[in-house]
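The block underneath contains the structure these notes are about, expressed in structure tokens.
There are 2 protein chains.
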Amino acid sequence: MSATIKDVAKKAGVSIATVSLAIRNNSRISTVTRNKVLKIIKELNYHPSRSAKGLVTKTTGNIGFVLTDDHFLKTEPFYTMIFLGTEFVTKGNDYYVLLATIKKDFGEDDELPRFILERSVDGIIVAGKVPHEFLQKLSAYDIPLVFVDFFPSVGRYSVVMVDNISGGFLATKHLIDLGHTNIAFLGADITHPSISERLTGYKQALEQSNIRINYELISTDEDYPARQNGYNSAKRLLEMNKQVTAIFACNDAMAIGVMQYCADNNINIPGDISLVGFDDVEADLLLNPPLTTVRVPKVELGIEAMNMIISMISDKSNHHTKKILVPVELIVRKSTRKI
Amino acid sequence: MSATIKDVAKKAGVSIATVSLAIRNNSRISTVTRNKVLKIIKELNYHPSRSAKGLVTKTTGNIGFVLTDDHFLKTEPFYTMIFLGTEFVTKGNDYYVLLATIKKDFGEDDELPRFILERSVDGIIVAGKVPHEFLQKLSAYDIPLVFVDFFPSVGRYSVVMVDNISGGFLATKHLIDLGHTNIAFLGADITHPSISERLTGYKQALEQSNIRINYELISTDEDYPARQNGYNSAKRLLEMNKQVTAIFACNDAMAIGVMQYCADNNINIPGDISLVGFDDVEADLLLNPPLTTVRVPKVELGIEAMNMIISMISDKSNHHTKKILVPVELIVRKSTRKI
DNA sequence: AGAATTCAGTTAAACGTTTAACCTATGATA
DNA sequence: TATCATAGGTTAAACGTTTAACTGAATTCT
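Protein sequences, first through last, are from chains L and E.
Under the numbering used here, the first sequence is numbered contiguously, ending at residue 333.
Under the numbering used here, the second sequence is numbered contiguously, ending at residue 333.
See below:
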């Protein structure tokens, strides 16, 4: 059997309380005693029992990570990277992350992830857009909550977001600087905060350069920013508006769709159309041409979210909701050119 | 605070032992008493404390799921699907899954996932190929172990594998049935059991049809079955062997690479070359033409692995290692044609 | 010098389960 | 009738921590 705190105490010639206090650096324990205890702990390869600790502190040491199954299974490992960020933080902490997917169309009758029902988590990170019904059910539970890359339209929450407005601005400004004025915005699901913020950045860039906003060039009809929908949007847009010379797609997936439509219709990128994406998730797809895009630091998002939920759990006082914006960066590749 | 077993016992007018026994369907408790207890449990929304249970039973209720980071981040959600399969099983069980990635080049100095060091898991599922050094370090811990989609070349383990031999046979037989005789095999890392098994299936199909195995058409030079390597293999193969009319790529990623090479060199698929992949992970890539491939039931792999590890944990006696083969299926799409 | 404070620990209760050992009433057996 | 089984529980110890309350010695203050 593994060593317990008793074994450590006995071997160190102190009480188990001393061992416990030494571990958490309590000032009541002298440095010399602490070091002795710590040495014995190494020797015995002692690891405190999470169960025993949990029993008395009423904590579980677990953080729940919830996202919809379609997000988790997307070809682009966007949310997978965010998850990896949370995992990265746990290496220096005492937490484990429990991942659970919910259905994209989570409804009244669906059950919450088991770790919520059983209260086996001390906090929850919700990644990406989740159904309203899920949040409704979740609200019955008084568990610290952090949203990452999404937040509900009503209510105040702690969130970690991408600086989408800056990103949208950067992408559009890049196109303007290249001489484009007929710049289209290809969005989807405008109720999604990320997409509407990117659109805001787009508009700000145009306004700053005194380019009139042409609403014919703003497409937000599709329900989901996926490849196929990018294809469809590009088709509609380019058939109707021959004057367009540049497209800012609200994410890389839609941008890929645009590229496919252009390939199918002998439209050259960047010869005829300059294209900018968002997310930077398609790096290994060997796209032709390589896509100019706005890089989102995905692992960073996970790190920030994890740190935030941990600080919420420890600072019980800390009830004020925080919002963190992580910065983005324009990556210029070959899909844009000077006009 | 949440209800405890005491609250249930008091309200039901029985001892806490009775509640505990009633929950686990012990025959010493009469049906009428059990039902009464169960009803109260529902009423109070009682959920046993995992910590308390763990403390006395010396279990954690956690299963570790380990894979390399590059596998987890691959564009094809292959291992993600397997993970989802394990998660699916936990819905009907009392387990949680802790996911940890290790580096692809895990070495002597790297630490094992924290949940192993701290013994916070009752069993471990290892998914995909992992470095030898990792297994070496892991072997110091006496924890039930199941491999899925990979197993070490030496030693006996419980494993869940794809029926790769049948798959390789099916793919090759399909090409033979279409009239092809100059069929190439594009592999990589022949030390990987999955790849060598697929090659075995390929050879068996050729032999059964009395087609001589031409070792010039078998490529296993690349170290990793990825797109770029598929591209390179195709280049080498097709430049040297003009007579090839069909290619069986050991997975879809390499097949994609072949498609890209062919697209770049005006080779028509399936006009000039028929192509079969393996895995069926590229469904949403809008490939042109859609790829004929061997479907691997990925979620099923996870389900089987999870069930296996659970049975290993409960049946302490069950020390004999098991091996499960999950069947595959040929999916004929548009990348192959009759010659 | 005596009182008060600080330092460096120790003691013991509590957390919520499981389970071996025990108990008691009832019916069956010899 | 005395004995034995069985059914249907109960009692209490144990699991490995944390932490409030306590203690005794050394130091500081007045």
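Using N, Cα and C, we set each Cβ at its ideal position, and we do this for glycine too.
Can you pull the chain E neighbours of residue i, defined as C-beta to C-beta under 8 angstroms?
i, result
"Leu92 of chain L", "Tyr90, Val91 and Leu92"
Using three-state DSSP, classify residue i as helix, strand or coil.
i, result
"Ile34 of chain E", "helix"
"Tyr209 of chain E", "helix"
"Val156 of chain E", "strand"
"Tyr218 of chain E", "coil"
"Phe141 of chain L", "strand"
"Ser203 of chain E", "coil"
"Phe66 of chain E", "helix"
"Leu285 of chain L", "coil"
"Asp246 of chain L", "helix"
"Asn29 of chain L", "helix"
"Ala(-3) of chain E", "coil"
"Ala240 of chain E", "strand"
"Ala94 of chain E", "strand"
"Ala46 of chain E", "helix"
"Ile333 of chain E", "coil"
"Ser9 of chain L", "coil"
"Thr323 of chain E", "Reading off the sequence, residue 323 of chain E comes out as Glu, not Thr. Glu323 of chain E: strand per DSSP, three-state reduction."
"Phe100 of chain E", "coil"
"Ile261 of chain E", "coil"
"Asp309 of chain L", "coil"
"Phe163 of chain E", "helix"
"Gly58 of chain E", "strand"
"Lys85 of chain L", "coil"
"Ile184 of chain E", "coil"
"Ala228 of chain L", "helix"
"Phe272 of chain L", "coil"
"Lys52 of chain E", "coil"
Counting contacts by CB-CB distance shorter than 9 angstroms, is residue i in contact with chain L?
i, result
"Phe141 of chain E", "no"
"Asn56 of chain E", "yes"
"Thr84 of chain E", "yes"
"Asp63 of chain E", "yes"
Please compile the residues from chain L whose C-beta is within a distance smaller than 8 angstroms of the C-beta of residue i.
i, result
"Leu49 of chain E", "Ser43, Ser45, Ala46 and Leu49"
"Thr95 of chain E", "Leu78 and Glu81"
So is residue i in contact with chain E if we call contact Cβ pairs under 9 angstroms?
i, result
"Glu81 of chain L", "yes"
"Leu193 of chain L", "no"
Open item on the list: Quick test of the definition: if touching needs 3 or more C-beta pairs under 8 angstroms, does the region -5 to 10 of chain L touch the region 31 to 38 of chain L?
Closed with: yes
Task: Residues of the region 99 to 115 of chain L with Cβ closer than 8 angstroms to any Cβ of chain E, in chain order - done: Arg108, Phe109, Leu111, Glu112, Arg113 and Ser114
Task: Residues, ordered as in the chain, of the region 65 to 76 of chain E that lie near chain L by beta-carbon distance below 8 angstroms - done: Phe66, Leu67, Lys68, Thr69, Glu70, Pro71, Thr74 and Met75
- [ ] Anything in the region -5 to 19 of chain L with a Cβ closer than 7 angstroms to a Cβ of chain E? List those residues in chain order, please.
- [x] Ser(-4)
- [ ] Spell out a yes or no on whether the region 132 to 144 of chain E and the region 295 to 309 of chain E are touching, meaning 3 or more CB-CB pairs, one atom from each, closer than 8 angstroms.
- [x] yes
Open item on the list: Whether or not the region 13 to 30 of chain E and the region 184 to 195 of chain L are in contact is what I'm after, with contact meaning three or more pairs of Cβ atoms, one per stretch, closer than 8 angstroms; do they touch?
Closed with: no
TODO: Tell me, please, whether the region 264 to 277 of chain E touches the region 285 to 297 of chain E by the rule of three or more beta-carbon pairs shorter than 8 angstroms.
DONE: yes
Open item on the list: Quick check: the region 73 to 85 of chain E against the region 96 to 111 of chain E, are at least 3 beta-carbon pairs closer than 8 angstroms?
Closed with: no
Task: contact_flag[the region 254 to 266 of chain L, the region 190 to 201 of chain L] where n(CB pairs < 8 angstroms) is 3 or more - done: no
- [ ] Taking 8 angstroms as the threshold, find out whether the region 249 to 259 of chain E comes into contact with the region 220 to 236 of chain E through three or more Cβ pairs.
- [x] yes
Task: Inter-stretch contact at 8 angstroms, needing at least 3 Cβ pairs: the region 117 to 127 of chain E / the region 158 to 165 of chain E - done: no
Task: Segment contact, 8 angstroms Cβ cut-off, at least three pairs: the region 146 to 160 of chain E with the region 169 to 176 of chain E - done: no
Open item on the list: With a threshold of 8 angstroms, are at least 3 pairs of Cβ atoms found where one atom belongs to the region 54 to 71 of chain L and the other to the region 66 to 74 of chain E?
Closed with: yes
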